[in-house]
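Since the structure comes first, as structure tokens, the remarks are kept for the end.
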Amino acid sequence: MSNDSYYYLVNTLPMLQMGEEPVLDSEAFLDLVKGNLDETHARQLESIEPIPNGTGCCDIERHWLAWETYVRNIMLRERTDSAELVHRWHRHEDDVFPGVRRLVEEALNHENPLVRERLLDELRWNMLEGLRVTNEFDFGALVIYRLQLFLAEKWAGQDMELGMENLNRLVDKLVNDARDKRAVVE
Numbered sequence: 000m001s002n003d004s005y006y007y008l009v010n011t012l013p014m015l016q017m018g019e020e021p022v023l024d025s026e027a028f029l030d031l032v033k034g035n036l037d038e039t040h041a042r043q044l045e046s047i048e049p050i051p052n053g054t055g056c057c058d059i060e061r062h063w064l065a066w067e068t069y070v071r072n073i074m075l076r077e078r079t080d081s082a083e084l085v086h087r088w089h090r091h092e093d094d095v096f097p098g099v100r101r102l103v104e105e106a107l108n109h110e111n112p113l114v115r116e117r118l119l120d121e122l123r124w125n126m127l128e129g130l131r132v133t134n135e136f137d138f139g140a141l142v143i144y145r146l147q148l149f150l151a152e153k154w155a156g157q158d159m160e161l162g163m164e165n166l167n168r169l170v171d172k173l174v175n176d177a178r179d180k181r182a183v184v185e
């Protein structure tokens, strides 16, 4: 399939918004594009993961992997003072992304863990949006869509009320378990 035919495919994909439930889930997206891509590109798109796990199928994914590795290394250094842990978990960086360190540090300084995670994912989303400018209708646009779909699905599944119920249930269980243990000891 030539790159010219990606124009129609990319334009038919529903728009994604961070924090909104996507019209297509990952499975539906892959089913849709498989019929419009050659077998190699379909396999490559299916193999993409949001967490760095290899060398990447194309320039866009390799750029994503380098950027995400850089961000994760910043988070590692910010979250621990242990040189041993940094040495153990630090991953080789293929590139440096000026300005990203400050944005990651600002996100990590937020006291609310949910807000921290949201800010980091918004940073990821915006980086992918920046890549879209030079990859509007080629295979890279489909790679970007796949990565943003991961983020959209992650946040669409967030239910604050259910999360608070689960947290309260866990806290209640811990308190009751502690009371039971104390009663046995006394």
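With the first letter of the sequence shown counted as 1, position 130 gets the number 129 in numbering that gives the first Met the number 0; the numbers rise by one all the way through.
Each residue gets a CB set at the ideal place from its N, CA and C atoms; glycine is no exception.
As the structure is a computational prediction, the values presented were derived from the model and not from experiment.
Practice task
Confirm, please, whether the CB-CB distance from residue 44 to residue 36 is below 8 Å.
Solution key: yes
Handout entry: Endpoints, alpha helix (DSSP H) assigned at residue 149
Key = 138-155
Practice task
Work out the CA separation of residue 184 and residue 20 for me, nearest whole Å.
Solution key: 50 Å
Practice task
Kindly indicate which residue of 96, 122, 172 has the alpha-carbon position closest to the one of residue 107.
Solution key: 122
Handout entry: residue 51 and residue 31 closer than 8 Å at C-beta
Key = no
Problem - C-alpha gap between residue 191 and residue 72, whole angstroms - result: Given that the chain is displayed from residue 0 to residue 185, the structure contains no residue 191 and the question cannot be resolved.
Problem - Reduced DSSP category for residue 54 - H, G, I as helix; E, B as strand; rest coil - result: coil
Handout entry: Cβ shell of residue 115 (< 7 Å), same chain only, five flanking positions each side left out
Key = 106, 107, 109
Problem - Test item: CB-CB of residue 143 and residue 47 under 8 Å - result: no
Problem - alpha helix (DSSP H) segment containing residue 90, residue limits - result: Counting along the chain, residue 90 falls outside any alpha helix (DSSP H), and DSSP gives it neither H nor E.
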